[in-house]
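Going by this note's numbering, the sequence shown wraps up at 939, each residue one higher than the last. For every residue, glycine included, the Cβ atom is placed at its ideal position computed from N, Cα and C. What follows is a set of notes on a single structure, which appears directly below.
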Amino acid sequence: MRLIPMKRDEVTRDLESGVYNLLIKLEELNELTEAKIDDAIESLSSVYAPYLDESALIAIKHDVKNAIQTKYQFLSLAPIEIVNRDLIINRQFGENNGPFFSNYSNYLSLIKKLNPDAIRNIDIYTKDLVSKLADPNKKSQSVRGLVVADVQSGKTANYIGLIAKALDIGYKTIVVLSGIHNNLRTQTQIRVDEGIIGYSMIKGKENKKVGVGTLKGYKEPNVINPFSSSYADVHEHNKDATIRTDANHVAIVVTKKNVNSLKSLLSHCKSSRLRGPLLVIDDEADNASINVARGKDKTSSINKHIRKLLNEFKVNSYVGYTATPFANVLIDTQKNDLFLGNDIFPKDFITLLRSPQSYFGAIKVFADENDTFLNCCEDIEEYLPTNHQKNTQLNDEIPESLKDAICHFLVNVGIEKLQDNPKHRSMLINVSRFVDVQAKFSNIVRKYLTDVRRHFISFAQLVQSTDDLALFDNDEETFQRFEKVWNHDFVEDHSKFDFINILKSIFSVSHEDEIKVLTVNSTSDDSLDYSGENARFYIAIGGFTLSRGLTLEGLVTSYFARNSKGYDTLMQMCRWFGYREPYEHRCRIWLTPESKGWYQFITSVVEELYAEIDEMSDLELQPDELALKIKKHPGALQVTSPLKMRTATDVLVSLNVSRKVIETVAFLNNEDSLANNRQAVLEILEKLVEKSEESEQSEPSEAQSNNDYQPSNKKLIRYRRDKSPHGLMFENVPFEIILEFLEKYQNDDELSFKSRYEYVSKAIQKMLEEGEAETWDVFIANGSKGKIVDPSLTKLIGDDHSWLIRTAGKYTNSEHIRVGNKQKLSSRGISKVALTHEEINAIEEKKKLEGKAIADSTYLTHTKKPLLVIQPVNLVPAKGLTSEFVGEGVKTFGWSICFPKTNATEACEYTYNWSIPIDNQPEIDEETERVIADD
């Protein structure tokens, strides 16, 4: 019997996995020694001896030993175990939720009135997250993870759900690190009080029932000791907020990332007031938590104390939350200290919380060609130069663009006050990082607001229609400005509201503080208070404090002019993102032209990074096994602070499609999109059938494989392919038809990032510039087990054409249908349909002798033209399961483009973490292929 040689990396991976499993079974991890690792490697490596020569096996054993020692760091605590991937919560509660999460879910439903889909998503995501935490039943285990979500997209609701489930499975101490400012810290404490504790820790309202505590029949699931209040972090002198726990208590601590607070927290741990297991939730995890100390062996104070805190507990989990993970993925993975333990690089998992379509975010704002939500504030530069100093003097006459923005906010206030149940409305002004300038700016805005109010003193009594505005000649400019804003930004409301009634309602109450201007920074006593039953109307002016985690409820107007250069800083300043239905159409953002360009670029960077995280997950790689690349800006912007980039290095990456298969791997789950794509397929088929000549051949013509092949001399022909893959082939299709189809087709840009029209069309244009891709082949794939496609298509492609059966993936929901779980629509070898049988046989015989699987890239080396494959697919639930999102099946059309070898490339510079391999993934179509039901 001939042994098939094994690849070295395959043996390394298998042996490493086997050693881990053996060590776990021996249950000797708490006494792990170098000798026991050697014994485990030796006992298992003998299995692979027949497949490798002795020198290769010695090298592999060395690699495995290093990997094991990296995983099982020799610390003062017991070594790190493999992350438990079982659903721990299912072992304890089955399909039901535990008491903490049940209370939280009821609170979201009955009190917050959150829609059932949103609550179900929180349940699904947190169930997945809690399964990745350290198992509370283990003797020792340490986990580091990161959750990435859009700005203002609901991270707090998610991590409170995670806290609830962690308590349900046995965690005893929860620490929430909530930024560095009191405003955010207070806001977080209130959310924890409402979602978990059940009574208020607000000064003067202590022990008042709130949130879950107000639910009918509420039973406190366990005795909870809050070690902090909304007005005080944990300190030695803060006796009222420090309570000793016993075995029946769980402890919850909300604290700022403050060295003194963390020191006090550590002293409680050392005195056994806090017991494990420990879960640390690090809100805004890229801010203050990262080690920014200068010097290789130095550690900044906050980072050091977070690691010390984790190291005090044998079972501990650290989960960071951020919208801007740039600094987190650049943390040194090799940084380890005997007393501090591992750094907080998310070695065990990075999870994306995808926002629903209702989210008002970067893509909606900056990918809109019409700039629907954007207005320009170019005139702010003359009033307040970008590079101003803290002693800058401001004149009282504010820029015209700011006057427009304030009027826009006031119209929103007027509309809201006409509603039966008015909601909070807020405006954000962020133009300076200096607190002195912010204070001056606040005073000037207050003065302008007073002037506007003065113009309205007699207005309500005298004006009945727009004709009456002539009575106010002296106020003509003010009212003209309101009318201009109304006609420019509120067109959708013209049929719903009367403009004069809106103006009357703005200052209908004589109380001068009804619309408040607040200075929100670390030195101001002003605070955003949205508690109480009445709607609040705030104009918030600030800088850094407004840029990190703080929520401005009902934010409708944003005025932004800052010169920050970091991707993370700029994106965090986007407080205008969030959930704005049903008033999204009334939201506007004022930006400088330069800022707009920056945001458009960073939006594309974030989407690329998200796509890489998705791909890493699909390949089942850990974050420390594949470096995530971050595209660099060609100009002045920086990825993050240089102090957070010490492990960063740059690499030049060619963005090209040479010998690659690009395809749709997800679909928008709505009737309009599905109908649009069906029509796009119908239109291209009509053109192809009309322009083509039918041929008797059953495979590609030999001419296209010939070096003398001239695309322009070939007619568009069609024929039916009689060998697998079966289908209808069109040869020599003009590129214009392809581009028209791709532009018409509505791609799911969120979950199928690589098939975006912007990316694919750019690649095609590059090829055209090189004299390539002028003609294409188009293949209409045919399933073998699906039902026949509908009549409007069969009359064009034949009545024997069937739907291909594909499984809907685990991230399928009411908005997206994902194909399987491996980001793959087509079956392996789809690209060979463009080759003759002789060419295919030659390739396959050669690979068979080499003992290698055949990747699509191998076939594509031999093709001359790009191939578009249109795939009629029926997306069904996984075998044995049901899905409310796809029912018995959703029929739609996907596409794959198989690109031949091309020289058309575009190089971009990327930043990545040098302490992690940059390319640790196999050919995706060779190693991660999904089993297709019908092919």
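Query - First and last residue of the uninterrupted alpha helix (DSSP H) at V134 - result: Annotation: the continuous alpha helix (DSSP H) that includes V134 extends over 120–134.
Report task. Can you check DSSP and say which residues form a bridge with Y583? Result -> In the DSSP output, where bridge partners are listed per residue, Y583 has Y363.
Query raised in the report: What residue does the beta strand (DSSP E) around P876 start on, and which one ends it?
Result: Bounds of the beta strand (DSSP E) holding P876 are 871–880.
**Report entry** CB contact flag (L797, L720, <8 Å)
**Finding:** No, the pair does not count as a contact, with Cβ atoms beyond the cut-off.
Query raised in the report: Are three or more beta carbon pairs between the region 642–649 and the region 809–823 nearer than 8 Å?
Result: They do not touch, by the three-pair rule.
Query raised in the report: Among all the DSSP beta bridges, which residues are the ones paired with N917?
Result: DSSP lists A652 as the beta-bridge partner residues of N917.
**Report entry** Sub-8 Å separation of I606 and L574 beta-carbons
**Finding:** Going by C-beta atoms, I606 is nearer than 8 Å to L574.
Query raised in the report: Bridge partners of P738, per DSSP?
Result: Answer is T779.
Query raised in the report: Terminal residues of the continuous alpha helix (DSSP H) containing F105?
Result: Segment 103–110, the alpha helix (DSSP H) holding F105.
Report task. Please go through the same chain and pick out, in chain order, the residues whose beta-carbon is closer than 6 Å to the beta-carbon of L282, but skip the five residues on each side of it. Result -> Excluding its 5 nearest sequence neighbours in each direction, L282 has C-beta neighbours in its own chain below 6 Å: T177, F317, N320, listed in chain order.
Report task. Excluding the 5 residues preceding and the 5 following D121 in the sequence, name in chain order all residues of the same chain whose CB lies nearer than 7 Å to its CB. Result -> Same-chain partners within the cutoff: S818.
Report task. Would you check if the distance between the CB atom of D290 and the CB atom of D572 is smaller than 8 Å? Result -> Going by C-beta atoms, D290 is nearer than 8 Å to D572.
Report task. Give every residue of the same chain whose Cβ lies closer than 6 Å to the Cβ of S305, excluding the five residues on either side of it in the sequence, and list them in chain order. Result -> The beta carbon of S305 sits closer than 6 Å to the beta carbons of V263 from its chain, once the five residues preceding and following it are set aside; these are given in chain order.
Query raised in the report: When you compare only the Cα positions, how much space is there between D375 and F745?
Result: Those two C-alpha atoms are separated by around 25 Å.
Query raised in the report: Quick one, which of Y322, P350, L839, E754 has its alpha-carbon nearest I335's?
Result: Taking each of Y322, P350, L839, E754 in turn and checking the Cα distance to I335, the smallest one comes out for P350.
Query raised in the report: If you scan the region 559–625 from start to end, which runs of the beta strand (DSSP E) of 3 or more residues do you find wholly inside it?
Result: Runs found: 559–564, 592–595.
Requested in this report: In angstroms with no decimal places, state the Cα-to-Cα distance between L864 and R832.
Outcome: A direct Cα-Cα distance of roughly 12 Å separates L864 from R832.
Query raised in the report: Between the Cα of S568 and the Cα atoms of N434, A670, V151, which residue gives the shortest distance?
Result: Nearest option by C-alpha distance: N434.
Query - DSSP-derived helix/strand/coil call for Q193 - result: In this structure, Q193 counts as helix in the three-state DSSP scheme.
Query raised in the report: In whole angstroms, what separates the C-alpha of N34 from that of K143?
Result: Per-residue confidence for N34 stands at a pLDDT of 46, beneath the threshold of 50, marking its modelled position as unreliable; the derived number appears in the next sentence. For N34 and K143, the distance between alpha carbons rounds to 8 Å.
Query raised in the report: If you draw a straight line from the alpha carbon of G215 to that of Y203, how long is it in whole angstroms?
Result: CA-CA distance, G215 to Y203, rounds to 7 Å.
**Report entry** Collapsed DSSP secondary structure at Y863 in the structure displayed
**Finding:** When DSSP states are grouped into helix, strand and coil, Y863 belongs to the helix group.
Query raised in the report: Using the C-alpha atoms, what's the distance from I510 back to L414?
Result: L414 and I510: Cα-Cα distance of roughly 6 Å.
Query raised in the report: Comparing the C-beta of E913 with each C-beta of chain B, is any distance below 8 Å?
Result: Within the model displayed, chain B is absent; a lone protein chain is all it includes.
Report task. With V333 as the anchor, note down where its alpha helix (DSSP H) starts and where it stops. Result -> For V333, there is no enclosing alpha helix (DSSP H), since its DSSP letter is neither H nor E.
Query raised in the report: Would you call the region 131–147 and the region 352–361 touching, i.e. three or more CB-CB distances under 8 Å?
Result: Yes, since at least three Cβ pairs between the region 131–147 and the region 352–361 fall closer than 8 Å, the two stretches touch.
Requested in this report: Have a look at the DSSP bridge pairing and note the partners of I784.
Outcome: The partner list for I784 (beta bridge, DSSP) reads L732, I874.
Requested in this report: Please confirm if the region 375–385 is in contact with the region 182–198, defined as three or more CB-CB distances below 8 Å between the two stretches.
Outcome: Short answer: they don't touch.
**Report entry** Distance, E703 Cα to H866 Cα
**Finding:** Their backbone Cα atoms lie some 15 Å apart in a straight line.
Query raised in the report: For T218 versus T192, is the C-beta distance shorter than 8 Å?
Result: T218 is not a Cβ neighbour of T192, given a cutoff of 8 Å.
Requested in this report: Would you tell me roughly how many angstroms separate the C-alpha atoms of L118 and A443, rounded to the nearest one?
Outcome: Their Cα atoms are separated by approximately 37 Å.
**Report entry** Sequence-distant residues of the same chain with beta carbon closer than 7 Å to E776, five excluded per side
**Finding:** Closer than 7 Å at the Cβ level, and outside the excluded window around E776, lie T906, A908.
Query raised in the report: K895 lies in the beta strand (DSSP E); which residues open and close that run?
Result: Its beta strand (DSSP E) spans residues 894–902.
Query raised in the report: By DSSP, does M431 sit in helix, in strand, or in coil?
Result: The answer is strand: DSSP assigns M431 an E or B state.
Requested in this report: Have a look at the DSSP bridge pairing and note the partners of Y203.
Outcome: Residue pairing of Y203 in beta bridges, as defined by DSSP: K213.
Query - Paired residues, beta bridge with G940 - DSSP - result: With the chain covering only 5 through 939, there is no way to say anything about residue 940.
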